[in-house]
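Down below is the structure, laid out as structure tokens.
Chains as they are written, first to last, in our numbering: chain A, 7 to 499; chain S, 7 to 499.
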């Protein structure tokens with residue numbers, strides 16, 4: 007994560023600026039935010055709450071300690087000494103141009119500037135800046151703390167290095183920079199969004215469909231394909247084995263049909279506005295924007311996690327980000343296998359995400375085993391097992407006891423006590439606690455076998471590994487045996 | 007599932023017709039398909055393979071026994087006696103019109119006809135039919151066996167009952183009919199797709215982006231939002247707490263900007279065709295259409311399952327479909343708790359979906375507990391526990407033993423032996439087998455407690471329930487105790 011600056015300055019704290027604040031802070035970057043709006047502080051705090059909630063669901067990878075978010079009293083104080091500035095002011099060219107010019111004079115000469123503009127040309131926005139070569143477009147998508155896409159586009163005066171430096175920062179935030187090589191109004195993504203949006207407005211204006219029916223026509227059909235593959239690869243597949251040329255020649259003529267209404271721009275009359283607002287209210291069915299935001303975020307988290315399984319699209323971006331997080335050196339170790347009083351290791355935390363909740367409103371049984379399995383993984387990393395070297399420990403037996411219920415969104419942590427080991431075996435006892443009140447919720451006693459993964463057979467562990475295990479086992483020998491260790495399942499006689 | 011006919015006739019067996027064949031057959035409907043193309047049989051067989059694979063991943067709900075798919079030698083033999091006909095011929099008005107007219111003369115007078123047309127007007131397609139009131143559009147989306155959307159749109163002569171009957175059939179297939187009340191070219195969905203597609207072609211034609219960059223601009227950003235919420239609800243949220251009117255007034259003016267190229271239709275010159283084909287080949291990176299289909303299907307399955315967690319969009323459609331499947335009366339019971347030799351119950355099958363595979367290429371530990379938990383759920387349904395009545399059995403202890411590895415796509419089944427019970431407890435022993443070779447892969451011994459869910463305390467089970475449990479326990483008393491019952495976790499001394 008060396009590409010991340012220690013501190014960034016954000017200009018503008020609305021939905022986009024607040025989203026940036028959350029993404030930077032959750033990646034350990036201190037944020038200085040300038041926004042003269044009286045509600046900026048509240049908006050940013052709400053975005054940060056949403057983002058924390060989403061990040062806890064999205065990944066169990068170790069995020070760095072959260073950065074601070076402070077409101078700067080002036081533009082100059084925000085950008086002073088900042089290595090990276092992200093501007094997210096309202097979408098008016100004159101305003102952005104003045105803001106960037108003023109900020110460029112107050113910041114150090116090598117500061118990188120990125121603008122969140124969704125469609126204004128960087129060549130025009132950089133025109134009045136000192137060192138205009140430092141400006142690039144960095145156009146994110148709402149919610150900024152979840153969607154990986156960020157369009158990066160330089161203007162006529164932009165240095166190639168600026169595009170590279172901004173891309174590296176976004177990548178380190180877990181995002182997917184898409185470098186747009188040719189500067190055009192609205193870049194790539196918003197051209198596509200705008201085309202669909204105009205047609206959607208016509209369908210509602212002409213009473214062909216309500217806003218909810220338009221949404222249904224997307225989310226039950228092509229929207230699912232767009233989430234995984236976009237449009238060209240989807241059509242390549244639809245063309246079947248005959249290939250892309252066949253598809254284009256076959257379906258190309260439909261482009262000539264007078265289907266879309268896109269030759270005109272729908273006029274936003276009072277009548278059309280009233281209609282859309284009334285239909286949108288009906289669609290929201292009394293749910294507040296905050297409720298809908300949480301629902302959207304939960305869905306996005308599940309979609310991204312689903313794609314991660316296949317290493318596709320946004321899921322592939324998440325997987326790469328997690329590999330970085332896991333590879334980062336730990337910031338101090340919460341265990342006590344060195345000096346001090348012996349205590350069980352504390353290696354893993356978890357949150358009960360919505361995907362684990364069953365019809366009783368509690369976590370499904372398999373959640374517990376996932377939490378204990380992740381704890382075992384953390385233990386193996388802790389003792390220095392190199393999973394890339396071809397050896398691993400496999401679980402051969404687990405005894406689970408349920409002493410309480412984990413509920414949605416509760417924060418949990420586990421502890422691990424080493425009960426025994428030999429050159430091929432590890433005998434461990436994990437306990438799962440609710441973090442708020444330290445209530446014991448479940449325990450797992452496990453036997454693990456050291457295996458040669460390719461050969462699929464047990465094999466003695468490396469002596470250096472056994473030495474580290476022995477150090478922990480010696481410390482844990484002083485601990486009392488857990489009450490539920492050694493149990494078997496039986497109806498008391 | 008009473009809305010499903012026993013037999014349907016399909017006219018056309020390409021990507022869409024083959025997809026329909028798969029969706030009907032997997033829902034237990036016999037399919038008679040007419041397609042004069044020499045490769046129709048192979049296309050349909052391949053679609054059916056894809057669909058079976060996807061269905062196994064998508065749901066563990068009990069699907070009916072698969073229907074047969076037979077090729078009919080003539081149009082007349084396909085539609086004779088069919089209660090439902092789905093036409094999926096090439097998208098040419100004259101061809102479809104003639105085909106529907108001929109089929110309408112050969113079919114019984116009350117047969118419902120649906121056409122898969124993606125944009126032709128039903129009023130014109132029904133013009134030459136006998137009993138034209140029987141035709142409706144039923145426009146599905148590729149892959150038909152996975153995407154729930156189907157646009158239903160009648161023509162001038164269509165009877166309202168036809169629209170209702172077709173919608174009921176689609177709903178019983180696990181789809182989401184969207185009734186389009188006003189007949190227009192391309193209906194709703196393809197207008198939106200077409201708008202986006204035209205703009206995408208312009209971006210490539212003008213060398214702003216490659217086909218892969220266009221796809222990236224969608225799948226890393228708005229595509230994820232479209233999969234869960236469509237476009238209007240997404241923008242409502244983006245507008246923040248100020249609401250939809252604020253959003254429209256704020257972002258409306260951007261519609262006037264000269265962003266999109268949609269005033270023109272891009273001409274499909276040889277040069278543009280060559281460019282798109284070459285870029286599409288690069289994007290496919292040597293993967294065949296069959297490989298890409300499987301990747302697309304796996305992603306769609308994960309996306310739909312992710313949305314099911316939140317009861318949103320395509321996930322809500324799946325959840326409703328599964329409730330129907332679970333509620334359907336079982337077609338005979340594979341257990342032996344009545345007459346015959348006593349044997350463990352065989353209540354559950356599972357397939358190792360890709361979401362369960364960990365970095366070793368094996369199923370994650372929690373997969374096994376999921377499979378055993380589902381087996382316990384099946385047992386509770388089997389003994390007649392009514393989960394809606396406010397009582398349930400909760401697992402308090404589980405002892406898992408791993409004897410083998412489950413690998414991706416393997417078919418597994420479980421058996422269950424009742425080891426004991428009292429008025430509050432159930433003591434069960436589950437075994438998980440690989441179905442192909444009956445290899446024992448894992449076992450789970452569990453203790454369950456009968457609870458009052460609302461009061462969160464144990465309570466004796468209903469005598470009628472206990473009686474059914476006792477009957478099974480008595481039969482199982484004659485079975486030997488499983489080898490691994492009663493174990494505790496320990497390193498052998």
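Glycine included, C-beta positions come from ideal geometry on N, C-alpha and C.
For residue i, the three-state DSSP class (helix, strand or coil)
i, result
"residue 111 of chain A", "helix"
"residue 16 of chain S", "strand"
"residue 241 of chain S", "helix"
"residue 445 of chain A", "strand"
"residue 343 of chain A", "The pLDDT assigned to residue 343 of chain A is 40, lower than 50, so where the model puts this residue is not dependable; a value taken from the coordinates is nonetheless given after this. In this structure, residue 343 of chain A counts as coil in the three-state DSSP scheme."
"residue 413 of chain A", "coil"
"residue 135 of chain S", "coil"
"residue 431 of chain S", "strand"
"residue 197 of chain A", "helix"
"residue 494 of chain A", "coil"
"residue 426 of chain A", "strand"
"residue 41 of chain S", "coil"
"residue 397 of chain A", "strand"
"residue 216 of chain A", "coil"
"residue 337 of chain A", "Per-residue confidence for residue 337 of chain A stands at a pLDDT of 37, beneath the threshold of 50, marking its modelled position as unreliable; the derived number appears in the next sentence. If DSSP states are grouped into helix, strand and coil, residue 337 of chain A belongs with coil."
"residue 9 of chain S", "coil"
7 Å Cβ cutoff met for residue i and residue j
i, j, result
"residue 73 of chain A", "residue 46 of chain A", "no"
"residue 29 of chain A", "residue 15 of chain A", "no"
"residue 142 of chain S", "residue 168 of chain S", "yes"
"residue 131 of chain S", "residue 98 of chain S", "no"
"residue 106 of chain S", "residue 40 of chain S", "no"
"residue 381 of chain S", "residue 420 of chain S", "yes"
"residue 202 of chain S", "residue 194 of chain A", "no"
"residue 396 of chain A", "residue 467 of chain A", "no"
"residue 385 of chain A", "residue 68 of chain A", "no"
"residue 111 of chain S", "residue 136 of chain S", "yes"
"residue 389 of chain S", "residue 310 of chain S", "no"
"residue 407 of chain S", "residue 449 of chain S", "yes"
"residue 88 of chain A", "residue 164 of chain A", "no"
"residue 121 of chain A", "residue 93 of chain A", "yes"
"residue 375 of chain S", "residue 415 of chain A", "no"
Contact set for residue i: own chain, Cβ-Cβ below 8 Å, skip 5 residues either direction
i, result
"residue 25 of chain A", "53, 57, 146, 148, 149, 150 and 151"
"residue 34 of chain S", "7, 10, 69, 70, 71, 72 and 73"
"residue 61 of chain S", "32, 69 and 151"
"residue 273 of chain A", "none"
"residue 418 of chain A", "355, 356, 357, 358, 377, 412, 438, 439, 440, 441 and 447"
Own chain partners of residue i with C-beta closer than 7 Å, once the 5 adjacent residues on each side are dropped
i, result
"residue 433 of chain S", "425, 426, 427 and 453"
"residue 95 of chain A", "17, 18, 101, 102 and 105"
"residue 348 of chain S", "342, 481, 482, 484 and 485"
"residue 387 of chain A", "none"
"residue 344 of chain A", "Caution is warranted here: a pLDDT of 42 is assigned to residue 344 of chain A, below 50, making its placement in the model unreliable, and no coordinate value can be reported."
Neighbourhood of residue i by C-beta, 6 Å cutoff - its chain only, sequence neighbours within 5 removed
i, result
"residue 464 of chain A", "430, 455 and 457"
"residue 179 of chain S", "29 and 33"
"residue 245 of chain S", "252 and 253"
Residue-level contact to chain B via CB, residue i, 7 Å cutoff
i, result
"residue 148 of chain A", "The chain labelled as chain B is not found among the protein chains of the depicted structure, namely A and S."
Residue i CB to nearest heavy atom of the ligand ATP below 6 Å
i, result
"residue 465 of chain A", "In terms of ligand content, the structure shown is empty, and the ligand ATP therefore cannot be addressed."
Inset, instruction - Evaluate contact between the segment 115–131 of chain S and the segment 190–198 of chain A, counting only Cβ atoms and requiring at least three cross-stretch pairs below 8 Å. - result: no
Legend entry - Stretch-stretch touch, CB-based, cutoff 8 Å, three pairs: the segment 289–297 of chain S with the segment 319–327 of chain A: no
Legend entry - the segment 204–220 of chain A contacting the segment 274–293 of chain A, beta-carbon criterion three pairs below 8 Å: The answer is yes - the segment 274–293 of chain A touches the segment 204–220 of chain A, with three or more Cβ pairs under 8 Å.
Inset, instruction - Tell me the start and end of each unbroken alpha helix (DSSP H) in the segment 52–124 of chain A that is at least 4 residues and wholly inside, in chain order. - result: 81–85 and 99–112
Inset, instruction - Take every Cβ of the segment 184–193 of chain A, pair it with every Cβ of the segment 154–164 of chain A, and state whether three or more of those distances are shorter than 8 Å. - result: yes
Inset, instruction - Report yes or no: do the segment 391–400 of chain S and the segment 446–465 of chain S share at least 3 C-beta pairs separated by less than 8 Å? - result: A contact exists between the segment 391–400 of chain S and the segment 446–465 of chain S.
Inset, instruction - Counting only runs of 4+ residues fully inside the segment 271–298 of chain A, write out the alpha helix (DSSP H) ranges in chain order. - result: 276–290
Legend entry - Ranges of the beta strand (DSSP E) found wholly within the segment 149–195 of chain S, counting only runs of at least 3: 155–160 and 182–185
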